[in-house]
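A.B. asks: Mind looking over this structure? Questions follow.
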Amino acid sequence: MLNSFAGRQEIVNRVLQKDLDGNLAHSHLFVGPEGSGKLFTALEIARRINCVTPKECQQRAVCESCKKAVTFQHPDIRWICPAPASTGEKEAAELYQLIQEDPFYEPTYAASSQVLIGDVTHPGPLSVRSALKYLRVKPFQGKRKVVIVSGADRLRAGAANAFLKTLEEPPDDALIILLTPVRSSVLPTILSRCQQTRFEPYNENELADLLQKIYPDIQSAHAVELAKSGSGNARQAALLRQSVPQILRRWAISLLDLAHRGNEGTLQIAADMLHKGKLPASIAEEVAPGNKSIAKDASDLVEKRDRVIRICSMLSIYYCDMLNCMTRGDTWVPRMASDADKLKSIVTQRTVHSLLLDIDAIEQARLDADRNLNLGLVMAVLFKELVSNAREQTRAQSA
Ligand SMILES: [Zn+2]
477 MLNSFAGRQE IVNRVLQKDL DGNLAHSHLF VGPEGSGKLF TALEIARRIN
527 CVTPKECQQR AVCESCKKAV TFQHPDIRWI CPAPASTGEK EAAELYQLIQ
577 EDPFYEPTYA ASSQVLIGDV THPGPLSVRS ALKYLRVKPF QGKRKVVIVS
627 GADRLRAGAA NAFLKTLEEP PDDALIILLT PVRSSVLPTI LSRCQQTRFE
677 PYNENELADL LQKIYPDIQS AHAVELAKSG SGNARQAALL RQSVPQILRR
727 WAISLLDLAH RGNEGTLQIA ADMLHKGKLP ASIAEEVAPG NKSIAKDASD
777 LVEKRDRVIR ICSMLSIYYC DMLNCMTRGD TWVPRMASDA DKLKSIVTQR
827 TVHSLLLDID AIEQARLDAD RNLNLGLVMA VLFKELVSNA REQTRAQSA
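Quick look at the structure:
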């Protein structure tokens with residue numbers, strides 16, 4: 477994750493300098509709009525402040541301490557965020573893992589949860605009480621114990637009060653960094669105890685550079701386009717990058733379902749949409765509710781072709797997955813775990829032979845699309861074949 481730094485370097489430098497000068501405040505509040513790099517910056521400060529070979533580790537994690545920091549395994553760095561009360565060690569570990577895979581990952585509960593206060597005797601891993609308990613112990617390996625709290629605006633009175641005493645008189649070696657998008661929603665008692673730092677939205681150039689750094693597979697023209705649509709919000713720009721593939725994935729599974737049910741009419745409409753480079757609004761809404769810009773039509777032929785090829789690749793994954801499910805039985809490991817149940821139920825009504833025909837037809841369509849044939853026609857032919865293979869099968873079974 478933070479092997480490629482995506483925060484605000486000037487703020488990191490300022491904090492590190494103050495630490496060297498011996499006048500770094502213990503409690504900080506980072507205020508800045510969504511996607512302005514607050515968490516990245518806080519995590520980078522935590523890493524650099526505890527680094528054992530600062531010269532070597534300026535750009536990336538080289539020493540053991542930094543390596544632990546970027547994988548959320550450093551014993552002296554703790555990050556907590558709003559989470560449901562049921563969150564245990566397993567869920568917290570999963571969250572840390574997902575953020576390492578994609579630094580802009582945001583769990584679905586993020587928008588609706590509060591920062592937990594935690595049980596007195598058994599505080600959960602992402603709770604205020606666990607963070608406080610942890611701050612009371614001397615640093616294990618590093619110089620400072622760092623606690624980072626995302627969503628300081630979502631600390632309810634009880635959780636905030638639990639924090640106050642520590643914010644006021646933090647242990648000598650503690651560094652507490654609270655993050656919030658809006659200053660006005662943070663309780664005044666917290667505001668008055670923290671040194672505040674403002675984060676401005678990224679400008680377009682910074683954002684384009686940052687996206688390319690985090691996602692090396694993005695072409696530079698695409699990064700610039702995403703940066704424009706993100707309007708300073710790095711998370712939003714990153715989300716836009718993901719959403720079309722996600723829509724295509726949802727679309728592929730719904731096409732598979734339509735073929736299975738023999739719904740030729742809807743499939744022909746889908747072939748036409750792919751031909752015109754349109755995306756189904758209902759699926760866009762499911763992937764990113766309320767975000768109208770995501771279901772943007774493909775503007776040129778290359779993009780349309782690319783979508784058709786990707787839909788074919790997704791279909792191919794799903795059909796091969798069904799074949800694997802059928803032949804491997806209980807030892808089947810689905811490639812798309814979240815769709816496994818649907819595939820499993822369809823498989824019970826199919827044979828190996830008809831699935832092989834489907835896989836061949838999809839591969840043919842992918843090649844044809846790549847060969848500049850008419851996209852609408854290629855997909856119409858493919859969908860007809862998928863429906864007919866599924867029907868043949870039903871006929872054979874009832875005979
Ligand atoms: Zn280091």
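Counted the way this note's numbering counts, the sequence shown spans residues 477 to 875. For every residue, glycine included, the Cβ atom is placed at its ideal position computed from N, Cα and C. Remember, predicted model here, so these are calculated numbers, not experimental data.
(1) Under the rule that 16 or more other beta-carbon atoms within 10 Å means buried, what is E520, buried or exposed?
(2) Would a C-beta distance cut-off of 9 Å place L732 and L702 closer than the cut-off?
(3) In the structure shown, what three-state DSSP assignment does K621 receive?
(4) Return the residue from the list E644, H598, L663 that minimises the CA-CA distance to G627.
(5) So, for H736: in the same chain, excluding its five sequence neighbours on each side, which residues have a beta-carbon less than 6 Å away from its beta-carbon?
(6) With hydrogens ignored, establish whether the beta-carbon of E520 is closer than 8 Å to any heavy atom of ligand 1.
(7) Judging by CA-CA distance, which residue of N681, C539, A586, I556 is the nearest neighbour of G618?
(8) The beta strand (DSSP E) spanning I593 covers which residue range?
(9) Along the chain, where does the alpha helix (DSSP H) containing F506 start, and where does it finish?
(10) Please report the straight-line C-alpha distance between P647 and P560, rounded to a whole angstrom.
(11) Nearest by alpha-carbon distance to Q744: which of A774, I729, S588, V854 is it?
(12) Go ahead and label K621 buried or exposed: buried means 16 or more other beta carbons lie within 10 angstroms of its beta carbon, across all protein chains shown.
(13) Roughly how many angstroms separate the alpha carbons of Y572 and P558, rounded to a whole number?
(14) Name the DSSP beta bridge partners of L654, please?
(15) Thinking C-beta only, is V491 closer than 9 Å to L505?
(16) Using 8 Å as the Cβ pair cut-off and three pairs as the minimum, do the stretch 597-611 and the stretch 574-587 touch?
(17) Would you call the stretch 681-699 and the stretch 645-660 in contact, with 3 or more CB pairs under 8 Å?
(18) How is T563 classed by DSSP in three states: helix, strand or coil?
(19) Can you list, in chain order, the residues of its chain whose CB lies under 6 Å from that of L496, leaving out five sequence neighbours each side?
(20) Under the DSSP definition of a beta bridge, which residues are partnered with Q671?
C.D. replies: Judging by the given coordinates:
(1) Here residue 520 refers to the residue found at position 44 of the sequence shown. Around the beta-carbon of E520, 16 or more other beta-carbon atoms lie within 10 Å, marking it buried.
(2) For the purposes of this step, residue 732 is taken as residue 256 along the sequence shown, with counting starting at 1. For the purposes of this step, residue 702 is taken as residue 226 along the sequence shown, with counting starting at 1. Their beta carbons are not under 9 Å apart, which means L732 does not touch L702 by this criterion.
(3) As a working mapping, residue 621 is identified with position 145 in the sequence shown. Secondary structure of K621 (DSSP, three-state): strand.
(4) By one-based count along the sequence shown, residue 627 stands at place 151. If we check each option's Cα against that of G627, L663 comes out closest.
(5) Residue numbering aside, residue 736 sits at position 260 when the sequence shown is read from its first letter. The answer, listed in chain order, is I822, A866.
(6) Here residue 520 corresponds to residue number 44 of the sequence shown, with the count starting at 1. Not under cutoff, so the answer is no.
(7) The count along the sequence shown starts at 1 and reaches residue 618 at position 142. Minimum Cα distance to G618 is reached at C539.
(8) Along the sequence shown, read from residue 1 onward, the residue named residue 593 stands at position 117. If you look at I593, you'll find it isn't in any beta strand (DSSP E); DSSP assigns it neither H nor E.
(9) Position 30 of the sequence shown, counted from the first residue, corresponds to residue 506. Element bounds for F506: not the alpha helix (DSSP H) but the beta strand (DSSP E), 503-507.
(10) By 1-based counting over the sequence shown, the position of residue 647 is 171. By 1-based counting over the sequence shown, the position of residue 560 is 84. Straight-line Cα distance between these residues: approximately 29 Å.
(11) The count along the sequence shown starts at 1 and reaches residue 744 at position 268. Here the closest residue by C-alpha is V854.
(12) The residue labelled residue 621 in the question sits at position 145 within the sequence shown. Buried.
(13) Locating residue 572 in the sequence shown gives position 96, counting from the first residue. Locating residue 558 in the sequence shown gives position 82, counting from the first residue. Their backbone Cα atoms lie some 14 Å apart in a straight line.
(14) On the sequence shown, residue 654 is found 178 positions in, with the first residue counted as 1. L654 is bridged by DSSP to L505, V625.
(15) Within the sequence shown, residue 505 is the residue found at index 29, counting from 1. Within the sequence shown, residue 491 is the residue found at index 15, counting from 1. For L505 and V491, no; Cβs fall outside 9 Å.
(16) They do not touch, by the three-pair rule.
(17) no
(18) Position 87 of the sequence shown holds residue 563. Coil at T563, not helix or strand.
(19) Locating residue 496 in the sequence shown gives position 20, where the first residue counts as 1. Excluding positions up to five away in sequence, the list is empty.
(20) For the purposes of this step, residue 671 is taken as residue 195 along the sequence shown, with counting starting at 1. Q671 pairs with H504.
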